[in-house]
Structures are given as C-alpha cells and as structure tokens.
Amino acid sequence: MTRRVRGPRAVLEEWGVGEFRVIDKPAIQEITLGASILATGGGGDPEIGLLWTYKVLDEGKEILMVDPMQIPDEIQTASPACLGAAIVLTEKPPSHTVLNLAMRKLEAYLERPIQATIPIECGGVNSPVAYAAAGEFGIPVIDVDGMNRAFPELQMTSWVTHGVHASPTVSVDDRHNVTVIDAGDDDVLAETLARRAAMAYGGISWVATYPLMGSDVKRTSILGSQSIAWAIGRAVLRARREHLDPVAELLRSLETERGVRGYRVFRGKIVDIRRDFGSETNKGFTLGSIVMEGIDRDRGRSATLDFQNEWLNLRIDGEVRCLPPDLIAILDSETGEPIRTDIMKYGYRGTIVLIPAHERMRTPKGIEMFGPRHFGYDLDYVPVEGLNENREGA
Amino acid sequence: MSRSLRVGFDVGGTFTDGVLMRGRDVLTKAKSLTTQDVTTGIIHALDTLLERSGIDPGEIEMVSLGTTHTTNAIIERRNLNRVGVFRLGAPATTAIPPLTGWPEDLKAAIGGADLVHVVRGGSEYDGRDIVPLDRDAIEAACHEMAGKVDSVAITGVFSPIIADHEERAAEIVRRILGEDVHITLSHRIATISLLERENSTILNAAVIRVMQRAVNSLRTAVRERGIRARLFIVQNDGSVMSADYAVDYPIFTVASGPAASVRGAVYLSGIEDGVVVDIGGTSTDVAYIVHGFPRESSITVTIGGVKTNIRCPDLLSIALGGGTIVKHTGDDVTALGPESVGYNLVRLAASFGGPLLTVHDAAVALGHLTERLDVFQTDFVTDRDRLNALPRSLVENAWTAVRRTIEEAIDKMKTTAEPVPAIFIGGGALVVPKTGIGGVSHVLSPDHFEIGGAVGTTIAEIGAYAEGVVDLDVQDRDDALSHVTEQAIDHAEAAGALRETVEVMDVEEIPFTYMPGRREKIRIRVKGKVLT
Numbered sequence: 002m003t004r005r006v007r008g009p010r011a012v013l014e015e016w017g018v019g020e021f022r023v024i025d026k027p028a029i030q031e032i033t034l035g036a037s038i039l040a041t042g043g044g045g046d047p048e049i050g051l052l053w054t055y056k057v058l059d060e061g062k063e064i065l066m067v068d069p070m071q072i073p074d075e076i077q078t079a080s081p082a083c084l085g086a087a088i089v090l091t092e093k094p095p096s097h098t099v100l101n102l103a104m105r106k107l108e109a110y111l112e113r114p115i116q117a118t119i120p121i122e123c124g125g126v127n128s129p130v131a132y133a134a135a136g137e138f139g140i141p142v143i144d145v146d147g148m149n150r151a152f153p154e155l156q157m158t159s160w161v162t163h164g165v166h167a168s169p170t171v172s173v174d175d176r177h178n179v180t181v182i183d184a185g186d187d188d189v190l191a192e193t194l195a196r197r198a199a200m201a202y203g204g205i206s207w208v209a210t211y212p213l214m215g216s217d218v219k220r221t222s223i224l225g226s227q228s229i230a231w232a233i234g235r236a237v238l239r240a241r242r243e244h245l246d247p248v249a250e251l252l253r254s255l256e257t258e259r260g261v262r263g264y265r266v267f268r269g270k271i272v273d274i275r276r277d278f279g280s281e282t283n284k285g286f287t288l289g290s291i292v293m294e295g296i297d298r299d300r301g302r303s304a305t306l307d308f309q310n311e312w313l314n315l316r317i318d319g320e321v322r323c324l325p326p327d328l329i330a331i332l333d334s335e336t337g338e339p340i341r342t343d344i345m346k347y348g349y350r351g352t353i354v355l356i357p358a359h360e361r362m363r364t365p366k367g368i369e370m371f372g373p374r375h376f377g378y379d380l381d382y383v384p385v386e387g388l389n390e391n392r393e394g395a
Numbered sequence: 073m074s075r076s077l078r079v080g081f082d083v084g085g086t087f088t089d090g091v092l093m094r095g096r097d098v099l100t101k102a103k104s105l106t107t108q109d110v111t112t113g114i115i116h117a118l119d120t121l122l123e124r125s126g127i128d129p130g131e132i133e134m135v136s137l138g139t140t141h142t143t144n145a146i147i148e149r150r151n152l153n154r155v156g157v158f159r160l161g162a163p164a165t166t167a168i169p170p171l172t173g174w175p176e177d178l179k180a181a182i183g184g185a186d187l188v189h190v191v192r193g194g195s196e197y198d199g200r201d202i203v204p205l206d207r208d209a210i211e212a213a214c215h216e217m218a219g220k221v222d223s224v225a226i227t228g229v230f231s232p233i234i235a236d237h238e239e240r241a242a243e244i245v246r247r248i249l250g251e252d253v254h255i256t257l258s259h260r261i262a263t264i265s266l267l268e269r270e271n272s273t274i275l276n277a278a279v280i281r282v283m284q285r286a287v288n289s290l291r292t293a294v295r296e297r298g299i300r301a302r303l304f305i306v307q308n309d310g311s312v313m314s315a316d317y318a319v320d321y322p323i324f325t326v327a328s329g330p331a332a333s334v335r336g337a338v339y340l341s342g343i344e345d346g347v348v349v350d351i352g353g354t355s356t357d358v359a360y361i362v363h364g365f366p367r368e369s370s371i372t373v374t375i376g377g378v379k380t381n382i383r384c385p386d387l388l389s390i391a392l393g394g395g396t397i398v399k400h401t402g403d404d405v406t407a408l409g410p411e412s413v414g415y416n417l418v419r420l421a422a423s424f425g426g427p428l429l430t431v432h433d434a435a436v437a438l439g440h441l442t443e444r445l446d447v448f449q450t451d452f453v454t455d456r457d458r459l460n461a462l463p464r465s466l467v468e469n470a471w472t473a474v475r476r477t478i479e480e481a482i483d484k485m486k487t488t489a490e491p492v493p494a495i496f497i498g499g500g501a502l503v504v505p506k507t508g509i510g511g512v513s514h515v516l517s518p519d520h521f522e523i524g525g526a527v528g529t530t531i532a533e534i535g536a537y538a539e540g541v542v543d544l545d546v547q548d549r550d551d552a553l554s555h556v557t558e559q560a561i562d563h564a565e566a567a568g569a570l571r572e573t574v575e576v577m578d579v580e581e582i583p584f585t586y587m588p589g590r591r592e593k594i595r596i597r598v599k600g601k602v603l604t
C-alpha cells in the first residue's frame, strides 16, 4: 500500500471540513502538560512525546486537529500508542521508525488506509504521540480520546464500554518485530496478548490500535478530550508566568472547560515508596504504593496511594477519598508539574488534586470494567464528589 | 569538632572570599580578587587570614570550598572539555538522538555532533541485552575521536540496573584513548531516565578539567602554607563532599557557590524562611528558603539550557552586581549589563576616573557607600570630580533600575503574595538599594554578610552515602533499609559529621528484576552537621 503524502489540509478539504486548529510547538506543549496532569501519575515522560513531536514539526510537517462532529462517518481512524511500563519508556526511548511501522502494518491487515489518528488517552507520551504520528502520516488528529485520563490497560476505554473494540491491534518494537493481535470482541484478551508482546519485547511496545470508523468515534469517544487537556495545560503555564497558584488555575479551567469541580485535598511530601516492578505477579506494570506525610496545614496527617502505572486510590488517615475511575494528580505545588509514578522520589513535595472522571467513563459497564473491584479492592465505587464534598481542607 | 579551626573559601567570578572560623565564631575574614589560575586568589585570601589571626596552620582541621566554576563554565561556554559522547542503545532510542534540545552554542563548545555516537547495545530492564554491545563501532569511533576529545561520556540504556555495557565500553575507550581522557559513566551520575541522565553525564564530562583545576589550586594553596587538613567541596544540596570525589563528579557542584551562600545567609541571619539575595561583582543569585534550606527544584533542573535530573536548589541568577555597567542614553537608563567590569572596577568605573558608569558609581554618587575597599586597597572613590559631574537624574534612574531588577527577581522566586524577609549577602550588597523593595517585609544584611558564602562552606553539613544489595525474599525490607542507613551514617561520621545530627536525605531502591528472588539495590544519602 502506498502512503499518501498530501498532508492533513488536503484530507480535510476532501471531507469538506473548513474548521481546524493548527498545532504548533506552544500548542503541543500546552496539550502535553494538560494531558500529563490528567494522566493521574502515569502516561509516561512528556519530554519524550514532546521532543518527538517537535522533531516532526521541525521537519516541516503540519499537524491539524479537527472537531469529531465534523468528520465523515465512513472514514477509518486508528490510535497510535505506546503500551508497556512507563519506567521502561523513560529509560528506553523508541526508535524513530516504530509508529510508522505499526500504522503501515495495521493498514496492511485492514486493507484500508488510515485517515485520521485518535489519541487513546491523556498522557505525556500517548497524547503527543498521536500528534507526531498524524504529522508523519499527513493526516489530521481528532479532538477525542478513549479515557480523558490514563489507565494501565488497553481495554479500559469508553470505546469498549460503548461497544467497539481494540482488535485488530498491531504491536511492534525497536527491532521491527511485529505482532498482529486480533481477538475479535474479547478486549481483555487483546490486552493480555498485547501486554505479553510488550513484555517479550523488553517492557515496551508501540501499537496501532482501535481501528474505529468515524461514526463510532462520535458515538463512543470522550468528545473534546484534547481541548480539555489543552485548556488545563494553558491555565497552568499561565499561572507559572503570572505567579498565580497553578492548582487554583487548574481547578478553575476544569470548571470552565468541563463544568465540573475538582478537589484539593492534601499537601505533603513523599516519605516512603514501595515499588514492585517486573516480578511474575504484576503483569508488566509499574506497581506499588507510596506514603505522604502532611506539611503546612496538613501536618500530622498521612496519605497513602496505590499505583499500577497510574495512581489508583487515595486514603487520607485511613479514609478512602478517591477510587477509580476518578482521577488523582499529585502536582508540584509551585509549578503545577505532575509528579509521576515512574519518576517520583523520596522527599518530593506536592499537592493532591482529585478530579471526577468523565461521565462516559462512569457508566455501569465502565465501573465494572475499571472501577475499584476490577483493581482488587473490596469496595463499591463512590464518586469522588460523594467522598469529598464539604470536606476540603479538613 | 565544636571548637575546631576551619577555613572556608568562596571563589566567585570576581572575588575570592575567605574566612577562618573557630566553632561558631568568625575569627578573621579576607577578600581577594579571583585570578585566572584560581590558586593565587586563594593564596592571597589564605595569607591574609593566617597573618591576621596568627594561628598555627597545622591546627586547621577542615578546609572547604564553594565555587561557581562549573556553572560559569557551562553558562559562558568557556574552558569546556571536548566530549566524546557514546549512547549504547540502538536500534532503540533513535527517535531522540543525544544533544536534542541543547542550545547550539553549547553543543559547539563541547565539540558538536561529530563526536556523538549512538551504537548498538544497552540492556533491557530485565538484564537481557537489547542487542549485543557493538564493540567494533566503539573501537572505530574511538580511533576517529583520538586527539579530538578531552573526555568521554558513556550512557547505556538501563545502566542504573545493569552497568555492564557501560563498563565494557569504558574499557575499550581507555585502551584506545589512554588514561588522559577522563571517562564519565552515566550510572555513577544519576538514576533511571535516559535523556536527562545522558545530559547530566555529558555536562559532567564537559567540566572535568574546570573542577580538576579548582581542586588542584586549593590543594596547592593549602599545602604551600603547611595545612594538612582534609579538603571538601560544597555540593548542590549545601552539604560538602571530599575533594577527591568532586574531581570525578563536578556536576554535583553546579550549585556549589549559591548553596554555600544560602547556608551562610541562614546561619548569619538566623532567618529560616524568606529570600536570600547573594550579590557579587558580576551576578546575583536569588533563592527562596523554607526552614533554612533552599527550595529544591522539581523534577528537571535546567543547567545552561540543558535538562538534567541532578537534584539542585531552585535558583534564579541575574546579571547584576557591583561592577555591572549601567547603559544609558542621556539621563535615561536603557539597560543594566549584562556586562560587568568585574575586577577592572578600579580602572574602568567612574568613581576611579574611568569611562564607565557602574552600579558601584551610582551607590557612591548617592552617598550609600562610605567604606574603604580593602580588596582593591583603595577608597571607594578616588575621583570625586568625575563622579560629581554625573547628572543627578541619571544616577537616580540607575538606582531605581537596580531596585526594580532586584524586586522582579525576588518576585519570580516567591511563592506567596505576603511580604517576606530578605537576606542580602555578598560584596555587592553594599551597593544596592535595601529600602523600598516591593514584596519584601525587611532587608537584613547580617554581620560578615560580605563573605557569607565562605562562612557557609565551613558550617555546611557533611554528605555521605551507602549502597547495598538485598534480597527481599530473604531479608525484611525495613531491616535492610535501616542497615544501609546505619552504614551511611557511619560514613558521614567518619568524614567528620556529628552522629546525632545525621539525617536521611534520599532513599533510592532499584529492583534487579533479572535476578532470582526479589533483589534490589538500596542507595541512601545522608548528611550531618559539623557543629551542634
């Protein structure tokens, strides 16, 4: 199959779409920061996704983002992404050839060209990677994702809970090993197979996954997810420039962009980290828990967070304050930079912020597939609003 | 060591400050001009200290040095080594080659992209090879580099877990390029996070010669005067490390000078929360202190435009000092610096009949400076007529510009809207405004402020670390942690710290997932005080 090199403008013209947003370097910086905050401690090193996208822009390629409701129903989209342990990616950035290879192999398996990219999640790597791939492929990126956060497993998307599937997925590595995963409608099996491939490759794989039609994208995605990340990133960067409180600006942007309230619940420093990476039992994730000791007005209190790539739950002084799929972010109090599970260190200081998950992630099917019980907690899901309303600053 | 004699030096771009301390007391202080060879400046300061105090040099137990040499070299792109760069990681990692995102002039100053080699090799997280190490490629690259590099930086994927490829590559480099080419291995510099660790490693390799010179200078100076004390260098967290260690790991001293100044400012003023403004002849550093320590930078620290994962205090450096040139059109000030007359103050500044208006001159003209400048062996002004001829409004505009510049710098570092106390130290503190500064509750310049950095080096904690490998299937994690902590405390005590003051600064656990059982490497950093 030959690759079109006409660029995203020509593609949009063909669809009769005149509205789009140009993604330049400041834009991708804002989007990546916002996505990295929404990634709830996971999502990988934003530096890697950013530098990669910069490289694509420096080569003169154009990146355009389009509103999902504008796209034709019958176009073929797919999600280029990194799947594996974030700590491995931080240490082993990819070969420059992997995304192209994964997309080409998926096209070959589908026997159709891919006409737009859809970011799989909000994350420091997987958000910009969808832009970098769109730029390299000369196709637009659509303003959606499957989570509006990051999650550790492939099937944990609004796409699956609304009836579409990850298969077929193509998984490749730096040595150009290729695995085609077609598990039909069994998305958990697709995840298991993709994870095995990633572990066999050395902890990280590069996938082209969720080959969705335009109509499915509209029906099953988190619409406007990229715009939400963009608004948050822009607010935090502005706070840094103008010496405002980045956490307050983040919460404000969330209200404006999504109409939801987030919660600032704890300020402390990390006093213990238990990490258990790579052993047989943990399926190839960065897994463990941390303890934070309160500082300032939280002196004397203690917070415990478990993580599986992303933060999973939060307990303050033994009381549950947040459960999946709601979002937990630990932000550096001065800069608003998220503290990720793969780079956190003893002594890091931060503010814990909780954000309600998007409503398309909170359906009964969603709670079943990525609620507390799925992660092994013997707890019913209670929305973060219920666990925190009227308790802020306790 | 509470009544021990200790000497501290703070070598800045313009001045070398020295202090002799007994216990908590300043016995004598001295200021000299920093010289090209560094040694002469230190010897001048040391001789003044010995002369004035009349003590027996043999009694001195500790000599410590804070220096801005490594940072200045990186920022000014001066005296840097030409660095041969090896990354062991292909075919992975090629999407982001080494030196991506580096400023062009810094790249050029360390020899440029021609000396960069990404070769096949590196490890997976589980200890397997990504691909076997390409020894031939390393050999070929070494032959090509011969005579073109002063030092080599080697970064292997997953070397903090398994350093084998880095060590094998180092053997080849040593065999072909010889002992004179210094080698920095990334696993000795920082932890997981390839790009930042690689940047830190390359920068370390680039400043090897600068640190060797500074340490040799200090060694020569003290030996010539009959001092047999142990030598220490202030590192980024404000503690000191032995000079023998510092010559191989200069990157850990990039914030040495400012870290010493912050320690000195807190010690001399007794203020633990606020801002420290350290004003020299050429530049000013501003740090925000919380509970007596500088706030640490989060996650990545940018040095000379390069992102690293070195742990550092969060500092703002601006080009403002006593010798900063005031640029003007008529009576309007157009810019402060960034150039400074530095130690040519007495030749070039208006107060001494020179052609240029400096911050020093504005202070003198407005009557803020009335003391003798011992360091220049001169009065603060020698050409009163030349100074009186300056238009009053120009001088006032210059003074306002200096105030505004300091105000902006403090504002950038503050994390609260409330006014905070400010501690002004360094020689330049004499010649800047201390009243009417927005965002500041009051400005304090404590006794000995002009040599605050030198004082800071002598009261700095002693840093030490210990490492151990444990198997968590056999050993309890808490027991293992406390065992390694004990070792680190022993090391700190052996280096001169008071045992009861030693505290844990950092705990790092890296799992060895490629080995049977649940083995991991534990690395614990501690620091302890030399005085109670």
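Each protein sequence line maps, in turn, to chains S and C. Letter 296 of the first sequence, counting from 1, is numbered 297 in the numbering used here, and no numbers are missing. Letter 102 of the second sequence, counting from 1, is numbered 174 in the numbering used here, and no numbers are missing. Think of the CB as a built atom: it goes at the ideal place given N, C-alpha and C, for glycine as much as any other residue. Given the structure is predicted, the values throughout are model-derived calculations rather than measurements.
Taken through DSSP and simplified to helix, strand or coil, C:N469 comes out as helix. 8 Å or more divides the Cβ of S:A201 from the Cβ of S:I182. Taking C:V294 as reference, the option from C:I509, C:E575, C:L121, C:D455 with the minimal CA-CA separation is C:L121. When C-beta atoms of the stretch 371-391 of chain S are compared with those of the stretch 378-397 of chain C, fewer than three pairs fall below 8 Å, so the two segments do not count as touching. At a cut-off of 8 Å, the C-beta of C:F324 has no neighbouring C-beta in chain S.
The Cβ atoms of C:A526 and C:G90 sit closer than 8 Å to each other.
Residue contact check for C:S265 against chain S: a CB pair falls below 8 Å.
Contacts between C:P163 and chain S, judged by CB atoms closer than 7 Å, involve S96, D175, R176 in chain order. Interface with chain S (8 Å Cβ-Cβ cutoff): C:I168 is included.
No Cβ-Cβ contact shorter than 8 Å links S:S172 with S:G50. If you draw a straight line from the Cα of S:P95 to the Cα of C:G184, it is about 23 Å long. Taking one beta carbon from each stretch, the stretch 361-372 of chain S and the stretch 288-295 of chain S have fewer than 3 pairs nearer than 8 Å; the two do not touch.
S:Y347 belongs to the set of residues whose beta carbon lies under 8 Å from a beta carbon in chain C.
In this structure, C:P385 lies near C:A359, with their beta-carbon atoms less than 8 Å apart. DSSP, read as helix, strand or coil, puts C:F496 in strand. For the stretch 171-187 of chain C, the set of residues with a beta-carbon nearer than 8 Å to any beta-carbon of chain S comprises T172, G173, in chain order. Nearest to C:F365 by C-alpha distance, out of C:R300, C:A318, C:A337, is C:A337. In this structure, the beta-carbon distance from C:T139 to C:S328 falls below 8 Å.
Per DSSP, reduced to three states, the secondary structure at S:A40 is coil, with no helix or strand assignment. In this structure, C:L105 places its C-beta atom within 8 Å of the C-beta atom of C:G113. Looking at the DSSP output, C:S76 sits in no beta bridge, so it has no partner there. For S:T33, no Cβ of chain C is located within less than 8 Å of the residue's own Cβ. Within its own chain, the residues whose Cβ lies closer than 8 Å to the Cβ of S:W160, once the five positions on either side in sequence are excluded, are G147, H166, A167, Y211, L213, D217, T221, S222, listed in chain order. The C-alpha of C:D519 lies about 16 Å from the C-alpha of C:V503. For the options C:K179, C:A235, C:V190, C:L171, the alpha carbon positioned closest to that of C:Y197 is the one of C:A235. For C:G156, the closest of C:V431, C:G126, C:V224 by C-alpha to C-alpha distance is C:V224. Here the C-alpha atom of C:T530 lies approximately 30 Å from the C-alpha atom of C:T442. DSSP assignment within the stretch 254-289 of chain C yields the following whole alpha helix (DSSP H) runs of 4 residues or more, N-terminal first: 266-278. Interface with chain S (8 Å Cβ-Cβ cutoff): C:I382 is excluded. Taking a C-beta distance under 8 Å as the contact criterion, C:G85 and C:T354 qualify as a contact pair.
For S:T257, the number of other beta carbons within 10 angstroms of its own is below 16, and it is reported as exposed. In this structure, S:D144 places its C-beta atom within 8 Å of the C-beta atom of S:Q227.
Among the residues of chain C, none has a CB under 8 Å from the CB of S:L252; the nearest is roughly 18 Å distant. Considered as a whole, the stretch 43-81 of chain S harbours 65-67 as its complete beta strand (DSSP E) runs of no fewer than 3 residues, in chain order. Inter-residue distance for S:L224 and S:P120 is about 11 Å (C-alpha atoms, whole angstroms).
In the DSSP assignment, S:C323 falls within the unbroken beta strand (DSSP E) covering 320-323.
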